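Participant: Positions 1 to 643 (UniProt numbering) are the ones given, in order, by the sequence shown.
All residues carry an ideal CB built from backbone N, CA and C; glycine is no exception.
These numbers were taken from a predicted model, which means no experiment stands behind them.
Just dropping this structure here.
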Amino acid sequence: MSHKSDLIATDIHAYLAQHEKKELLRFLTCGSVDDGKSTLLGKLLIESKAAYEDQLAAIEKESATHGTVGGEIDPALLTDGLKEEREQGITIDVAYRYFSTAKRKFIVADTPGHEQYTRNMATGASTADLAIILIDARQGVLTQTKRHSFITSLLGIRHIVVAINKMDLVDYSQEVFEKIKQDYIDFAAKMSADDVHFIPLSALKGDNLVEKSAKMPWYEGATLMHMLENLYIGSDRNLQDFRFPVQLVNRPDLNFRGFCGTVASGTIRPGEEVMVLPSKKTSKVKRIVTMDGDVEEAYPPMSVTLTFEDEIDCSRGDVIVRPGNRPKVDSKFDAMVVWMSEEPLVPGKQYFVKHTTKMMNGTVSRIRYNVDVNTLHREDTPALKLNEIGRCSIKLNQPVCFDPYAKNKTTGAFILIDYMSNRTVGAGMIIDRDASDTDELWDVEGDETLQSTKGNVSADERAARFGQKPATVLLTGLTGAGKTTIAYALERRLFDEGKTSVVLDGQNLRRGISKDLGYTAEQRSENLRRGSEIARMLNDSGMLCIAAFLAPNAEVRQRASEVVGTDRFLTVYLSAPIEVCRQREDSGMYAKADSGEIANFPGVSYEYEVPESADLVLPTHELSVDECVDKIYELLQSRGLID
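Structure representation (structure tokens):
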């Protein structure tokens, strides 16, 4: 299992070249106190021959005084390096260890289990590709297990291995394993985890670590080491959205000016056009310079120096992107914050905010809610205490370029630093592209003194009269995708078939009931909220409503469906690519967005979040208007809304 090779003795250069090309996996161990995290890691290093002889001799000596396994070698001492850790038999600080096998290189973070040191666990998880969450088979799923699982979900760790440890102390019982597995599945159902595996093991005895355990023949899965060596992480990297935060302007002489940094996501080649944000100046990449010479392509996580064909202003803290694929540029956003200070987070206090390579002043303007890690329910709270996690609205004294954390871990993350102590007090993951004050209108309760009045005509009577069941069809897509055209064509078809329908066009609303609204994210949200209320009333009257709205935000679309009623809300996504939409749109909207005259324009300077579970997807660049109408009509028939 170790990385030992005959090449070391015969051709050291070939060995080093082979070792350098191995894929690197970063993972962490986490869980509650005494679940066996350090023991697991130490035993894994020993069993895989990744521990040196002098290290083994040292921990054999230490085991006599600090060991917790009755005089035998205590594997936990291999990673517990602090004096206090050895004395108490716990992990306090994050311990990073490096080892390799014939297939891969690994960097592992052994994180503490005490609630007091949750902030240290969050630090170790911030760079991990995989998380090993340990559970003591005698204890089952505990509060700290849930807290760590929730943090791994927040930090976007896609691969989870739930290691149910100390199976030797429960007689290797399959029933115990299956019960804990089901308990964890029930809890984790509310979180986003793409890839979850369960392994029964005994870290101290070595069962199912490197070799399959004969004591658990009922387990047919892979060993932990096999998972670590073979887990596919190639698709985890974002290679679509080019983001390059500038760390340093390199100016060694009069003939060279380069912009140094690390590629956060995406790829770039010489000759490709780029834009510098927030100035929006454009140029083309002339060279990609590295310590080993120029390269023809840069990708994450390469550290490179870019040179431009034109002399444009670009400095530390700026972000280099592609003109047609930009992050959000704003001074406010919403984020999930893990609070790491003894002093509670109170809205209104000023902090330093470190985002990518930029430092600025900012404040938490509002704590929207705190998350109960046991139930994952949201709770109102005036402040966040140590190790609590909540959704907050952040306001900065200057705009920054950011993406949602789920899309980009570099441009979607930030830290809060205390003015006086200069200590990091909070870590944030951006979850929304805006911190809308008007979003509150979705949640406002009606006046309790007002009573809802129902008419004397029932829904069944209306359905019998109109020959249809009421519903709202939301046509959503980029500007130029054909929403309005298809909406009115569908209305004509329904009218000709004797049905009763009304088109609710977002642009028409802006000429009347929403003429006070602009085009910021929160104002788009409010326009759809007003449209949703109208659509609900139209449905209550028995009519079909065809709503044509750009509606770029997935959360806002979900809120609209809840207002109308999820059982009578259909989403139709018009999936024409932006290149086709640009050609179709003849009012100059895209040109104004490219020049910066129109801000927050979906597809250009604001993300359009593609519906993940649309009821119907129409590639309007491939289908005619009549074909699109036919497919929507068939959808309405299949759902029993029309005959």
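Let me know the secondary structure DSSP gives arginine 639 once reduced to three states.
Facilitator: The residue you call residue 639 lines up with position 639 of the sequence shown. Residue state, collapsed to three classes: coil.
Participant: Quick check: the region 316 to 327 against the region 370 to 388, are there 3 or more CB pairs under 8 angstroms?
Facilitator: At 8 angstroms Cβ cutoff, the stretches do not touch.
Participant: Taking the straight line between their C-alpha atoms, what separation do you get for isoleucine 107 and phenylalanine 99?
Facilitator: Position 107 of the sequence shown, counting from 1, holds the residue named residue 107. Position 99 of the sequence shown, counting from 1, holds the residue named residue 99. C-alpha separation (whole angstroms): 7 angstroms.
Participant: Measuring only the C-alpha atoms, how far is histidine 267 from valine 289?
Facilitator: Walking along the sequence shown from the start, residue 267 turns up at place 267. Walking along the sequence shown from the start, residue 289 turns up at place 289. First, the amino acid is wrong: residue 267 is threonine here, not histidine. So the alpha carbons of these two residues sit roughly 14 angstroms apart.
Participant: Put serine 265 into one of helix, strand or coil per three-state DSSP.
Facilitator: Counting from one through the sequence shown, the residue named residue 265 turns up at place 265. Here serine 265 sits in strand by DSSP.
Participant: Looking only at DSSP bridge pairs, what is histidine 148 linked to?
Facilitator: The count along the sequence shown starts at 1 and reaches residue 148 at position 148. Beta-bridge pairing links histidine 148 to no other residue.
Participant: Pull up the DSSP beta-bridge partners for arginine 26, would you.
Facilitator: In the sequence shown, residue 26 corresponds to position 26, counting from 1. DSSP, once it has assigned bridges, lists Ile107 as partnering arginine 26.
Participant: What whole-angstrom Cβ distance do proline 602 and serine 575 have, given they're in contact under 8 angstroms?
Facilitator: Numbered from its first residue, the sequence shown carries residue 602 at position 602. Numbered from its first residue, the sequence shown carries residue 575 at position 575. Incorrect: roughly 14 angstroms between the Cβ atoms, too far for contact.
Participant: Measure the Cβ-Cβ separation of valine 319 and glycine 428 and say whether it is below 9 angstroms.
Facilitator: As a working note, residue 319 is residue 319 in the sequence shown. As a working note, residue 428 is residue 428 in the sequence shown. No, they are not a contact pair.
Participant: Mind checking residue 664: buried by the 16 CB within 10 Å criterion, or exposed?
Facilitator: Absent from the structure is residue 664, since the part of the chain shown begins at 1 and ends at 643.
Participant: By the DSSP assignment, the alpha helix (DSSP H) with methionine 167 in it spans what residues?
Facilitator: Translated into positions along the sequence shown, residue 167 becomes position 167. From DSSP, methionine 167 is part of no alpha helix (DSSP H); its letter is neither H nor E.
Participant: Check each candidate in Gly480, Arg530, Leu494 and Glu627 and name the one with the smallest Cα separation from aspartate 586.
Facilitator: Your numbering for residue 586 matches position 586 in the sequence shown. The shortest C-alpha separation from aspartate 586 is found at Gly480.
Participant: Do you know whose CA, among Phe27, Val400 and Arg97, lies nearest leucine 45's CA?
Facilitator: Walking along the sequence shown from the start, residue 45 turns up at place 45. The option with the nearest alpha carbon to leucine 45 is Arg97.
Participant: Is it true that the region 350 to 370 meets the region 134 to 148, where meeting means three or more beta-carbon pairs spaced less than 8 angstroms apart?
Facilitator: In short, these stretches do not touch, since the Cβ pair count stays below three.
Participant: How would you label glutamine 182, buried or exposed, when you count the other beta carbons within 10 angstroms and need 16 or more for buried?
Facilitator: Reading the sequence shown from its first residue, position 182 is the one you call residue 182. Under this definition glutamine 182 is an exposed residue.
Participant: Measuring only the C-alpha atoms, how far is arginine 465 from serine 525?
Facilitator: As a position in the sequence shown, residue 465 is number 465, starting the count at 1. As a position in the sequence shown, residue 525 is number 525, starting the count at 1. Between arginine 465 and serine 525, the C-alpha separation is close to 35 angstroms.
Participant: Quick check: the Cα distance between arginine 530 and serine 514, rounded to an integer number of angstroms?
Facilitator: Reading the sequence shown from its first residue, position 530 is the one you call residue 530. Reading the sequence shown from its first residue, position 514 is the one you call residue 514. Distance between the alpha carbons of arginine 530 and serine 514: 8 angstroms.
Participant: Write down the C-beta distance between tyrosine 573 and valine 617 rounded to the nearest angstrom, noting that I regard them as a contact closer than 8 angstroms.
Facilitator: For this step, residue 573 is matched to residue 573 along the sequence shown. For this step, residue 617 is matched to residue 617 along the sequence shown. The Cβ separation is near 5 angstroms, so the contact holds.
Participant: Just to confirm before moving on: does the CB-CB distance between glutamate 23 and arginine 104 stay below 9 angstroms?
Facilitator: Working through the sequence shown from its first residue, we reach residue 23 at position 23. Working through the sequence shown from its first residue, we reach residue 104 at position 104. It is a contact, given that the beta carbons lie within the stated cut-off.
Participant: Between the Cα of methionine 291 and the Cα atoms of Leu636, Gly258 and Arg391, which residue gives the shortest distance?
Facilitator: Against the sequence shown, residue 291 aligns to sequence position 291. Looking at the Cα atoms, Gly258 is the closest of the given residues.
Participant: Taking only runs of the beta strand (DSSP E) that begin and end inside the region 265 to 296, which ones reach a length of at least 3 residues, in chain order?
Facilitator: Those beta strand (DSSP E) runs which fall completely within the region 265 to 296 and span 3+ residues are 273 to 277 and 281 to 290.
Participant: Out of Cys30, Gln398 and Ser638, point me to the one whose CA is closest to histidine 148's CA.
Facilitator: On the sequence shown, position 148 is the one that residue 148 refers to. Selected option, being the one with the closest Cα: Cys30.
Participant: Under 9 angstroms, do leucine 396 and asparagine 361 count as touching if we go by C-beta distance?
Facilitator: To locate residue 396, count along the sequence shown from 1; it is residue 396. To locate residue 361, count along the sequence shown from 1; it is residue 361. Yes; because the gap between Cβ atoms is below 9 angstroms, this pair is in contact.
Participant: Would DSSP call asparagine 208 helix, strand or coil?
Facilitator: Counting from 1 along the sequence shown, the entry for residue 208 is found at position 208. Of the three classes helix, strand and coil, the one that applies to asparagine 208 here is coil, per DSSP.
Participant: Quick one: Cα of lysine 631 to Cα of alanine 214, how far?
Facilitator: Counted from its first residue, the sequence shown places residue 631 at position 631. Counted from its first residue, the sequence shown places residue 214 at position 214. Distance between the alpha carbons of lysine 631 and alanine 214 is about 57 angstroms.
Participant: What does a CB cutoff of less than 7 angstroms around arginine 237 pick up in its chain, not counting 5 residues either side in sequence?
Facilitator: Taking the sequence shown and counting its residues from 1, the one referred to as residue 237 is at position 237. Same-chain partners within the cutoff: Pro300.
Participant: Buried or exposed: where does methionine 275 fall if 16 or more other Cβ atoms within 10 Å of its Cβ makes it buried?
Facilitator: Position 275 of the sequence shown, counting from 1, holds the residue named residue 275. Label assigned to methionine 275: buried.
Participant: Hey, quick one: how far does the beta strand (DSSP E) through glycine 362 stretch, first residue to last?
Facilitator: What you label residue 362 is simply residue 362 of the sequence shown in a count that begins at 1. That run of the beta strand (DSSP E) goes 358 to 371.
Participant: Once the 5 residues before and after arginine 462 are set aside, which same chain residues still bring their CB inside 8 angstroms of it?
Facilitator: Your numbering for residue 462 matches position 462 in the sequence shown. So the qualifying residues of the chain are Pro470, Ser541 and Gly542.
Participant: Measuring alpha carbon to alpha carbon, tell me which residue in Leu538, Leu504, Asn539 and Leu544 is nearest leucine 528.
Facilitator: As a working mapping, residue 528 is identified with position 528 in the sequence shown. Selected option, being the one with the closest Cα: Leu504.
Participant: Taking its Cβ as the centre, do 16 or more other Cβ atoms sit within 10 Å of lysine 284, making it buried, or is it exposed?
Facilitator: Taking the sequence shown and counting its residues from 1, the one referred to as residue 284 is at position 284. Exposed, because fewer than 16 other Cβ atoms sit within 10 Å of the Cβ of lysine 284.
Participant: Note down the Cα distance separating aspartate 110 from arginine 559, rounded to an integer number of angstroms.
Facilitator: Residue 110 sits at position 110 when you count from the first residue of the sequence shown. Residue 559 sits at position 559 when you count from the first residue of the sequence shown. If I take the Cα positions, the gap works out to 40 angstroms.
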